[in-house]
Structures are given as structure tokens and as C-alpha cells.
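**Q** Mapping of the sequence shown onto my numbering: position 119 corresponds to residue 105, and the numbering continues sequentially without gaps. Supplied in C-alpha cells, the structure appears directly below.
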Amino acid sequence: MTSIHQRAADFLRTHDSKNLGVGQHDWRYYTGGAGDPVLLLSGGAGIGISWLDVASALIPRFRTIAPDYPSGVGSVAELVDGVVAVLDAAGVDRAHVVGQSAGGMFAELLSRRAPDRVRSLTLSSTGLYGPEDVDRLRMRVDITVATPWPETQAAIRTALRSTWADSEEAEFWIEQVVAATDAAGSAGAANSYRLLLELAEGVDELMHGSAWSGPTLIFRADDDPLITGTHTGRLRDLHPGCEFRTFTEGGHSLLISRTADYVATVTEFLSRI
-13 MTSIHQRAAD FLRTHDSKNL GVGQHDWRYY TGGAGDPVLL LSGGAGIGIS
37 WLDVASALIP RFRTIAPDYP SGVGSVAELV DGVVAVLDAA GVDRAHVVGQ
87 SAGGMFAELL SRRAPDRVRS LTLSSTGLYG PEDVDRLRMR VDITVATPWP
137 ETQAAIRTAL RSTWADSEEA EFWIEQVVAA TDAAGSAGAA NSYRLLLELA
187 EGVDELMHGS AWSGPTLIFR ADDDPLITGT HTGRLRDLHP GCEFRTFTEG
237 GHSLLISRTA DYVATVTEFL SRI
């Protein structure tokens, strides 16, 4: 496989980087290719370039839109409204939506808040947090706010090295995450936990609401250490007619650990919609 640095350079060469002001926040997004639009929602780090391999595989047939999330977004509703504004700016009425990790949670909320903008849902390594996660997330917010940024930054590096221990490209992605979080520091890192806490505290409302009923694919690895079967099970309950697939191994970051399988799974599903 071509080196990660070359693939990143190719992504930046074939995708336009655009900026959009939404309220008090500056949204950056990458768009490339032509054809049916595909919105790519990344995990908690909120970096659009994390989709470089998937986007590069899709652009011969699809147009991809991959936003960065502003670190100061104050609520999940505000984040989803920003995503809708990105679609508006890109001239996209309806898109296939692919969400990884927290991006899958945001994709679920997008399908509730703006169902007419969604053509299909692909949700990977994700689920819905619930009451069992509230205390842990509150603690993470408090600890992150109280900890000097250099210490938090070091902890992020350590955690990601453990998560991506088997990946030869781990250091590249660690630097991408650290660079994305560096400007906002501890406040931005704490805010990402606040968004997840808001989701966990509001899960009952989501579970009792009316879910989007279009084509949906959910897939995960059985050994995912961050998203449990209970988390994913909530999404499956909301989408009883969904396609569901699992990998025996792959951990949480399937985009990195099983890139070829991830690309094949997504492209095969989208080719049938």
C-alpha cells in the first residue's frame, strides 16, 4: 500500500478544502469527486481527513463531503445544524451518510433532525450511550477541565497508542488528532466529552422517538473496546430492518485496522442504494 503520507497528500490534492461560518463557529470541510453525494462524519476527534482512504475509493463514482467539527460547538443539536449548513453550502439536498464512532451517533441525530437530507445511513463502530455511561463521562469532563493541557495531550497520545498498537500508521494519526485538538486545548477536549454526555443523558428520548426508516447498514468489530454490544444494540432496536455485519477482530478504529474491509463494506452497500 502507498504510504500514509502519500495518501494524505493525494487526498488533499483531489479534495477542495472550504471554510464556512455558521453562527460563532468556523466549519472546514473537504469535498471531492462527482456523482451521488456521500457525507462522511468522523469520530470524536472531528477530523475530515480521517476519511482519506474511504473518500479516495468513493470519488470515482460519488461526491464526498467530509467536515471537521469545530471544538467550541456547545450541543449536539448545534453540531447537527452545522452539518446541515455544510450540506447547504455544498449544494447537497440529500446525501448518503456514513458515520464512524461518535460520527455514527451524530448521523443518527441528523436522521432525526433533518430526515429529508438523508438518503441512507451507514453506521460503523458505534451505538448509543446510555445511563451506564453518564458517571464515566461526567468524570472525564471534570478531569479534563482540571488537568493542564500538556498532561491531557500526553494522555491522549498514550490512549491512542494503546488503541492503535497494531497499526503501522498509528503515529501519523496520533499527530493528526493532537494537532486538531491543540488549538482549543483542555476546553475543547472536555467539550467533546460533553457532547457524548448529552447523548447519554438523552438516550431515553431517542429510544422512544421515531427513527429514520430508510436503508441502513450497521457494522462493528466484536472486540471493540469502546462501543459495547449494548450500545450497538440500541441502534439495532431503532432500525430493526437494518443490515448488520460484524468482524471478529478489528477493535474500535476499523478505518485504520481494517481499511480495505471498511472500504469494501461501504462501497458495496452504497452501490446497491
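Built from N, CA and C at the ideal position, the CB exists for glycine as well. If you're wondering where the values come from, they're calculated on a predicted model, not measured in any experiment.
In chain order, what residues of the same chain lie with their CB nearer than 8 Å to the CB of Ser260, ignoring the 5 residues before and after it?
**A** Residue 260 lies beyond the range of the chain shown here (-13 to 259); nothing can be said about it.
**Q** Across which residues does DSSP place Ser106 in a beta bridge pair?
**A** Ser106 is bridged to His82.
**Q** I need the straight-line Cα distance from Ala93 to Gly219, nearest angstrom please.
**A** Those two C-alpha atoms are separated by around 16 Å.
**Q** Hey, out of Pro226, Arg49, Leu109 and Pro53, whose CA is closest to Tyr248's CA?
**A** The shortest C-alpha separation from Tyr248 is found at Leu109.
**Q** Contact defined as beta carbons within less than 8 Å: I believe Thr234 pairs with Asp208. What is the distance between those atoms, to the nearest angstrom?
**A** Going by Cβ atoms, the distance from Thr234 to Asp208 rounds to 5 Å, so yes, they are a contact pair.
**Q** Can you confirm whether the region 168 to 187 touches the region 127 to 136 when touching is taken to mean that 3 or more C-beta pairs between the two stretches lie within less than 8 Å?
**A** Contact between the region 127 to 136 and the region 168 to 187 is present, because at least three Cβ pairs lie under 8 Å.
**Q** Which parts of the region 144 to 220 are runs of the alpha helix (DSSP H), unbroken and 4 residues or longer, counting only runs that do not cross its ends?
**A** For the region 144 to 220, whole alpha helix (DSSP H) runs of length 4 or above, ordered along the chain, are 156 to 168, 171 to 187 and 189 to 194.
**Q** For the alpha helix (DSSP H) that contains Val24, what are its first and last residues?
**A** It is not in any alpha helix (DSSP H) - Val24 instead sits in the beta strand (DSSP E) that spans Asp22 to Leu27.
**Q** Residues in the same chain with beta-carbon distance under 8 Å from Val120, minus the five sequence neighbours each way, listed in chain order, please.
**A** Closer than 8 Å at the Cβ level, and outside the excluded window around Val120, lie Leu183, Ala186 and Glu187.
**Q** How long is the line joining the alpha carbons of Leu181 and Ser61, rounded to whole angstroms?
**A** Spanning the two alpha carbons is a distance of roughly 6 Å.
**Q** Judging by CA-CA distance, which residue of Val164, Glu155, Leu123 and Phe158 is the nearest neighbour of Ile142?
**A** Taking only the C-alpha atoms, the option nearest Ile142 is Val164.
**Q** Looking only at its chain, what residues have a beta carbon closer than 8 Å to the beta carbon of Asp260, apart from the 5 residues adjacent to it on each side?
**A** As shown, the chain starts at -13 and ends at 259. That puts residue 260 outside it, with no answer to give.
**Q** Could you tell me which of Gln10, Arg98, Asp74 and Asp67 sits nearest to Gly58, measuring between CA atoms?
**A** Selected option, being the one with the closest Cα: Gln10.
**Q** Less than 8 Å between C-beta atoms, sequence neighbours within five positions excluded: which residues of the same chain meet that for Val127?
**A** The residues are Ala176, Tyr179, Arg180 and Leu183.
**Q** Which same chain residues, not among the five before or five after Ala156, have their C-beta less than 8 Å away from its C-beta?
**A** Excluding positions up to five away in sequence, the list reads Leu146, Arg147, Trp150 and Ile242.
**Q** Whose C-beta lies closer than 7 Å to the C-beta of His217 among residues of the same chain, with five residues either side of it excluded?
**A** Around His217: Gly113, Leu114 and Tyr115.
**Q** Which residues does DSSP list as the beta-bridge partners of Ser3?
**A** Partner(s): Tyr16.
**Q** Can you tell me which of the three DSSP states His238 falls into?
**A** Reduced to three states, the DSSP call for His238 is coil.
**Q** Please identify the residue among Leu65, Asp22 and Asp74 whose C-alpha is closest to the C-alpha of Gly32.
**A** Of the listed residues, the one whose Cα sits closest to Gly32 is Leu65.
**Q** What does the alpha-carbon distance come out to for the pair Ala20 and Thr214?
**A** Taking the straight line joining both Cα atoms gives about 36 Å.
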